[in-house]
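In the working numbering, the protein residues as written are 966 to 1124.
So, in structure tokens, the structure goes:
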């Protein structure tokens, strides 16, 4: 049969309960601090990833600007390539393969060919050379591209 606790035992129990509550509060405090530190580390990682991507893009920009005219020349050359035999077709196929690989590499560093034909004319992205009537496209729509446009996309980053 249970007996009643003495005053000394009650005081000891009260002290133990206080210590338990203090330890719980301390554990919660440490858990909160841990969560804050985890968030700080995650944010730091995201920020440094974004900064690194930005730095890479900034470094690539002048190089890409120098290479864009070459891509334009490739495009014009491809339009003018005609082939009659298998040997010439093999040359054109190799040319197409090289051009595709070049564009794939550029895409991997954030450079993308802009699709203009069929899009509404936007002076921020298009340079008007002339206006021609078109049965296929309405007015104020790009109906022919004389020189390709390119977009250097900002690097994808998490926030």
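Every residue, glycine too, gets a C-beta built ideally from N, C-alpha and C.
Worksheet item: Which residues in the same chain as residue 1116 place their Cβ atom closer than 6 Å to its Cβ, once the five residues preceding and following it in sequence are excluded?
Response: Indexing the chain shown from 1 puts residue 1116 at position 151. Counting only Cβ-Cβ distances below 6 Å, and skipping sequence neighbours, we find 1077, 1079.
Discussion item. Quick check on residue 1106: does DSSP put it in helix, strand or coil?
Written reply: Here residue 1106 corresponds to residue number 141 of the chain shown, with the count starting at 1. Here residue 1106 sits in strand by DSSP.
Discussion item. What does DSSP give as the partner residue(s) for residue 1115 in the beta ladder?
Written reply: Within the chain shown, residue 1115 is the residue found at index 150, counting from 1. 1078, per the DSSP bridge assignment.
Worksheet entry | Contacts around residue 1008, its chain only, beta-carbon distance under 8 Å, and the 5 residues preceding and following it disregarded | Position 43 of the chain shown holds residue 1008. Within the same chain, residue 1008 has no close Cβ partners at all.
Worksheet item: Do you know whose CA, among 1039, 1071, 1114, 1073, lies nearest residue 1091's CA?
Response: On the chain shown, residue 1091 is found 126 positions in, with the first residue counted as 1. Residue 1114 is the option with its Cα nearest to residue 1091.
Item to complete: Would you mind sorting residue 1094 into buried or exposed? The rule is 16 or more other CB atoms within 10 Å of its CB.
Response: As a first step, residue 1094 is located in the chain shown; it is residue number 129 there, counting from the start. Classification for residue 1094: exposed.
Worksheet item: Roughly how far, in whole angstroms, is the beta-carbon of residue 1022 from the beta-carbon of residue 1075, given that I think they are within contact range, below 8 Å?
Response: Your numbering for residue 1022 matches position 57 in the chain shown. Your numbering for residue 1075 matches position 110 in the chain shown. Between residue 1075 and residue 1022 the Cβ distance is about 6 Å, and since that is below 8 Å, they are a contact.
Worksheet item: Assuming residue 1060 and residue 1054 make a contact with CB atoms under 8 Å, what is their CB distance in whole Å?
Response: The residue labelled residue 1060 in the question sits at position 95 within the chain shown. The residue labelled residue 1054 in the question sits at position 89 within the chain shown. Between residue 1060 and residue 1054 a beta carbon distance of about 10 Å is seen, past the 8 Å cut, so the two are scored as non-contacting.
Worksheet item: In angstroms, rounded to a whole number, what distance separates the CA positions of residue 1051 and residue 1024?
Response: Mapped onto the chain shown, residue 1051 falls at position 86. Mapped onto the chain shown, residue 1024 falls at position 59. C-alpha separation (whole angstroms): 42 Å.
Worksheet item: Can we count residue 1115 as close to the ligand NAP, meaning its CB is less than 6 Å from some heavy atom?
Response: The ligand NAP is not among the ligands present in this structure, which contains no ligands whatsoever.
Fill in: Counted within 10 angstroms of its Cβ, other Cβ atoms place residue 1107 as buried (16 or more) or exposed
As a first step, residue 1107 is located in the chain shown; it is residue number 142 there, counting from the start. Taking every protein chain shown into account, the CB of residue 1107 has 16 or more other CB atoms within 10 angstroms, so this residue is buried.
Discussion item. Less than 7 Å between the C-beta atoms of residue 1104 and residue 1082, yes or no?
Written reply: In the chain shown, the residue the question calls residue 1104 occupies position 139. In the chain shown, the residue the question calls residue 1082 occupies position 117. No, these two residues do not count as a Cβ contact at 7 Å.
Worksheet item: Beta carbon of residue 1046, beta carbon of residue 1029: below 7 Å?
Response: By one-based count along the chain shown, residue 1046 stands at place 81. By one-based count along the chain shown, residue 1029 stands at place 64. Taking 7 Å as the cut-off, the Cβ atoms of residue 1046 and residue 1029 do not count as close.
Item to complete: Would you list the one or two residues that DSSP bridges to residue 1061?
Response: On the chain shown, position 96 is the one that residue 1061 refers to. According to DSSP, residue 1061 shares a beta bridge with no other residue.
Worksheet item: Would you report the Cα separation of residue 1019 and residue 1098, rounded to the nearest angstrom?
Response: Your numbering for residue 1019 matches position 54 in the chain shown. Your numbering for residue 1098 matches position 133 in the chain shown. Roughly 42 Å separates the two Cα atoms.
Item to complete: State the start and end residues of the unbroken alpha helix (DSSP H) segment that holds residue 997.
Response: Here residue 997 refers to the residue found at position 32 when the chain shown is read from its first residue. Annotation for residue 997: the continuous alpha helix (DSSP H) segment containing it runs 972-1045.
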